[in-house]
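Chains as they are written, first to last, in the working numbering: chain A, 1 to 465; chain B, 1001 to 1092.
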């Protein structure tokens, strides 16, 4: 199959959007001008034409009546009389007898191509040495008489010439102003687009720090620039996130992988029985499962942060989701000697991702259980505050210092006091990512301010609308 | 879009008044000649009110113009004189 022939590039001027907009405007303007000319013509020359036709029709009818009442001689007298009183010199008559002989009138002969009775005809006439246009109407009378009645249309021709001249001048003006306007618009568009073009060029060359400068006009170009800046901010944030995850993976996963490898190597070197080897392999599998869980958590966080799951948002009843989570963790809390209390409203409808919300609450309950001593209480609550739903998990554990709270939601962060508890340091990162996906936020505070230990209260504040 | 200027021209051509009928060689009018001047003067002379001052003055002027070869204006004067004479007769 032959490849399709490449389309020739349009002329350079037509490659400019500004010029094309100006041409489009000129096209619309030209259509409006043509419509105006047509209306003007109908109202002036057209009206004159209609008046002429009406006058000829009335005149010929009156002459026919005269012929019926007084015969040929009366008709001839009427024609001569009309001609004799025609001060404006615009009437045209011709009365021919049965043999074609001229009986009366001021037209020298019968036009050649004239149809039968009732025909309308336009002819050029030589009038006082000048050429003029005339409209003529033919009526056939009994006895083989033929009557032509007409009017000189010189005025109409003059009007037509005037209109044509006006239109030609206007057309010239449209073209001149159109070309000037097109080049002005083209230049203005190019000037307004220049900051965005320059920024895009700098970004393309690898410098992500550039942003589109915005003017105080706040017009369409500024709004486009602001959108581009928001997009660039988001891209920078995602790139920083990817970089951070890569760094974190390189740093924090190296240790458990190295530890699992070390254990397996040691078992290979020192195990003397099959049971020792089996135990080492099972421990290695558990370590690898842990690493796999960390990867899954990282992927979920990345997915939530990218906003990819927003399409899966659906209406849900928040207390129902929280009750599911509480039911699952209640038995585990009991086993650990803790009390899991719930303070949930009857219904709190919202729109969101049910699975991710459940995962976030599960992470919070999991954390709370890890740090709450036996006999302690964990409270899961939800309530509506204005246009927000607030989900809170409070525990009676040691809490977090203000410094640790500031970093608690960073990936792989683990407070010094929790180094000995199992976990990946990704739980709160996922909670924050889920909150951000729902356009909400996470607040960390003391659960019991002033008490010792103060406990930790983690609250998700999610907009309902 | 490539020929926006052509639109008014097309519109003009569409409403051009000379488009309807075919043209023909010019027909001559016989009412702009010395003979017609003379026939109008005779017609006026036969009218009862021709001697009235205004028709008479117009008639004189019309004949003078026709004699000088200005048929169009001469004939116009004579026609005005006839119209006035007619109106005078109709008015009694």
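Even glycine gets a Cβ: it sits at the ideal position worked out from N, Cα and C.
Other residues of its chain near residue i: CB distance less than 7 Å, five sequence neighbours each side excluded
i: residue 212(A); result: 195, 196, 199, 225, 228 and 229
i: residue 277(A); result: 267 and 271
i: residue 1049(B); result: 1055, 1085, 1088 and 1089
i: residue 372(A); result: 338, 378, 395, 396 and 397
Any C-beta of chain B under 7 Å from that of residue i
i: residue 202(A); result: no
i: residue 117(A); result: no
i: residue 474(A); result: Residue 474(A) lies beyond the stretch modelled for chain A, which goes from 1 to 465, so this question has no answer here.
i: residue 107(A); result: yes
Close beta carbons around residue i, own chain, < 6 Å, minus the five adjacent residues each side
i: residue 66(A); result: 74, 75 and 78
i: residue 376(A); result: 338 and 396
i: residue 182(A); result: 19 and 22
i: residue 156(A); result: 45 and 48
i: residue 236(A); result: 208
i: residue 190(A); result: none
Buried or exposed (CB count within 10 angstroms, at least 16 for buried), residue i
i: residue 359(A); result: buried
i: residue 351(A); result: exposed
i: residue 89(A); result: buried
i: residue 233(A); result: exposed
i: residue 246(A); result: exposed
i: residue 1055(B); result: buried
i: residue 242(A); result: exposed
i: residue 168(A); result: exposed
i: residue 273(A); result: exposed
i: residue 176(A); result: exposed
i: residue 442(A); result: buried
i: residue 60(A); result: buried
i: residue 476(A); result: Because chain A spans 1 through 465 in this model, residue 476(A) falls outside it and cannot be assessed.
i: residue 39(A); result: exposed
i: residue 16(A); result: buried
i: residue 353(A); result: buried
i: residue 136(A); result: buried
i: residue 184(A); result: exposed
i: residue 133(A); result: buried
i: residue 300(A); result: buried
Chain A contact for residue i (CB, 7 Å cutoff)
i: residue 1076(B); result: yes
i: residue 1083(B); result: yes
i: residue 1080(B); result: yes
i: residue 1089(B); result: no
i: residue 1072(B); result: yes
Spatially closest choice to residue i from the options, by CA coordinates
i: residue 282(A); options: 438(A), 131(A), 46(A) and 260(A); result: 260(A)
i: residue 440(A); options: 171(A), 431(A), 121(A) and 27(A); result: 431(A)
i: residue 347(A); options: 317(A), 161(A) and 370(A); result: 317(A)
i: residue 29(A); options: 220(A), 178(A), 205(A) and 314(A); result: 178(A)
i: residue 336(A); options: 388(A), 69(A), 85(A) and 369(A); result: 369(A)
i: residue 120(A); options: 102(A), 452(A), 129(A) and 57(A); result: 57(A)
i: residue 138(A); options: 131(A), 463(A), 118(A) and 127(A); result: 118(A)
i: residue 102(A); options: 116(A), 85(A) and 80(A); result: 80(A)
i: residue 193(A); options: 207(A), 220(A), 122(A) and 206(A); result: 220(A)
i: residue 152(A); options: 188(A), 106(A), 331(A) and 301(A); result: 106(A)
i: residue 444(A); options: 464(A), 148(A), 401(A) and 104(A); result: 401(A)
i: residue 386(A); options: 86(A), 288(A), 462(A) and 25(A); result: 462(A)
i: residue 433(A); options: 449(A), 410(A) and 451(A); result: 410(A)
Neighbourhood of residue i by C-beta, 8 Å cutoff - its chain only, sequence neighbours within 5 removed
i: residue 1078(B); result: 1037, 1040, 1041, 1044, 1058, 1059, 1062, 1063 and 1066
i: residue 222(A); result: 214 and 215
i: residue 1075(B); result: 1031, 1032, 1036, 1037, 1040, 1062 and 1066
i: residue 446(A); result: 399, 454, 455, 456 and 457
i: residue 322(A); result: 342, 344, 361, 380, 382 and 391
i: residue 163(A); result: 37, 40, 41, 44 and 45
i: residue 363(A); result: 427, 428, 430 and 431
i: residue 325(A); result: 358, 361, 362, 365 and 380
Interface flag, residue i vs chain E, CB-CB below 7 Å
i: residue 442(A); result: Although the question refers to chain E, the structure presented lacks it and instead comprises the protein chains A and B.
Along the segment 1024-1043 of chain B, where does the CB come closer than 9 Å to a CB of chain A? Name the residues.
1024, 1025, 1026, 1027, 1028, 1029, 1030, 1031, 1032, 1036, 1039, 1040 and 1043
The segment 121-145 of chain A: which residues have C-beta closer than 7 Å to a C-beta of chain B, in chain order?
-> 121, 122, 123, 124, 125, 126, 127, 128 and 131
Cβ-based contacts, 9 Å cut-off: residues of the segment 58-85 of chain A near chain B:
In summary, the residues of the segment 58-85 of chain A whose CB is separated from some CB of chain B by less than 9 Å are 80, 81, 83, 84 and 85, in the order they occur in the chain.
Practice item. Closer than 7 Å, Cβ to Cβ, to anything on chain A: give me those residues from the segment 1042-1057 of chain B, in chain order. Key: Residues passing the 7 Å Cβ filter: 1043.
*Members of the segment 313-327 of chain A that neighbour chain B once the beta carbon cut-off is set at 9 Å*: none
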